[in-house]
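In UniProt numbering, the protein residues as written are 1 to 257. We put the CB at the ideal spot given by N, CA and C, even for glycine. Notes follow the structure.
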Amino acid sequence: MIKPKNRVVLITGGSSGIGLEMAKQMLEEGSKVIITSRSQKKLDEAQKNLPKVITIQCDITSEEERKALMERIAEDFSDLTMLMNNAGIVSHYLLPTTGDLSKRLRAEWETNYMAPVLLTQIFLPILIQNQGTVVNISSGLAHVPLSIQPNYCATKAALHSMTQSMRIQYAKVGINVVEIFYPEVNTPFHGGHATSRAISPHVAVKEALEQLNRGQEEIHVDKSKMLYRISRVMPKRALKIINSFITEKEEALFSDQ
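This is the structure:
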């Protein structure tokens with residue numbers, strides 16, 4: 001594992017939430033950090049708070065923009081050592097009553113699953129050259145779904161499966177593959193629906209980064225550790241526990257979305 005001060009890191013979805021906090025803490029360790037976002041406005045705000053961060057506007061669901069991003073990195077940051085696939089979106093809804101399910105499914109699959117897989121593939125030559133690392137950002141819900149986020153959980157389960165295959169295959173060409181499973185974190189990602197159980201981005205990223213720096217390949221942060229352990233030995237119990245937190249108020253809120 002490359003030392004933090006020698007890292008050159010690209011973080012997708014790095015203009016807010018976990019991605020922005022990761023950029024902050026990595027910069028503090030001495031890494032060079034590049035972040036992407038669809039929103040130039042958010043990137044500008046991030047750079048005001050983190051003057052050393054490098055920003056590139058990119059919609060990672062666009063094949064054309066992924067290619068342009070890779071070409072920019074190859075030209076200006078060919079010493080890239082880490083690709084962190086952090087960008088993600090989530091929808092809360094009830095399947096029997098939701099409208100335009102096709103649009104919801106497509107948006108989450110393109111952002112949460114297809115983009116990280118395809119972005120990793122296009123960055124392979126750079127990562128192989130630098131014996132780099134791929135970090136896929138996941139969730140404890142990859143193991144146990146929360147029913148009001150049905151497709152989000154499915155995309156994370158799929159990404160977890162793909163990450164395991166990536167780890168085996170990419171090891172043959174000298175690339176490390178890491179997966180970070182976060183619990184609920186209090187960020188704008190939840191669209192104002194984060195609960196009192198959510199931990200702070202600072203705490204979440206600090207724990208994840210400590211394990212990343214120790215060379216861990218599967219990193220379960222905070223409550224996601226317990227959820228994972230229960231899911232391995234008592235999967236039905238884990239499913240019941242995680243979904244018992246859904247209140248009638250939440251169900252009513254998402255029933256017509």
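Spatial neighbours of Gln57 in its own chain (CB-CB distance under 8 Å, excluding positions within 5 residues in sequence) are listed in chain order as Thr36, Ser37, Arg38, Ser39, Gln40, Leu43. Within its own chain, the residues whose Cβ lies closer than 6 Å to the Cβ of Met166, once the five positions on either side in sequence are excluded, are Val177, listed in chain order. In this structure, the straight-line span from the alpha carbon of His220 to that of Val135 is close to 13 Å. Under the DSSP assignment, Gln216 falls outside any beta strand (DSSP E); it carries neither an H nor an E label. For the options Met234, Ser224, Ile168, the alpha carbon positioned closest to that of Glu184 is the one of Ser224.
By the neighbour-count criterion, in which 16 or more other beta carbons inside 10 Å mark a residue as buried, Arg232 falls on the exposed side. Straight-line spacing of the CA atoms in Glu210 and Thr97 works out to 42 Å. In terms of Cβ geometry, Leu119 and Arg66 form a close pair [threshold 8 Å]. Counting only the Cα atoms, Leu141 lies some 13 Å from Asp222. The residue among Val8, His143, Leu50, Tyr152 with its C-alpha nearest the C-alpha of Lys240 is His143. Under the three-state reduction of DSSP output, Asn86 falls in the coil class, being neither helix nor strand.
With a minimum length of 3 residues, the unbroken runs of beta strand (DSSP E) contained wholly in the stretch 125-211 fall at 133-139, 176-182. Val33 has its alpha-carbon roughly 11 Å from the corresponding atom of Gln47. Restricting attention to alpha helix (DSSP H) runs no shorter than 4 residues, the stretch 40-124 encloses them at 40-49, 63-76, 101-109, 115-122, ordered along the chain.
Taking a 10 Å sphere around the C-beta of Ile168, we find fewer than 16 other C-beta atoms and assign the residue as exposed. The beta carbon of Asn112 sits closer than 6 Å to those of Gly88, Thr155, all from its chain and outside the five residues before and after it, given in chain order. For Ile230, the enclosing alpha helix (DSSP H) begins and ends at 223-233. Its Cα nearest to that of Arg7, the residue Thr133 stands out among Tyr170, Met226, Thr133.
Distances from the alpha-carbon of Met84 to those of Leu212, Ile246, Ile242 put Leu212 closest. Setting aside the 5 residues that flank it on each side, Ile246 is surrounded in the same chain by Leu146, Ser147, Ile148, each with a C-beta closer than 8 Å to its C-beta; the list follows chain order. One Cα belongs to Met82, the other to Pro201, and the distance between them is close to 21 Å. Taking the Cα positions, Lys24 is about 7 Å away from Leu50.
Per DSSP, Ile2 lies in no alpha helix (DSSP H) and is assigned neither H nor E.
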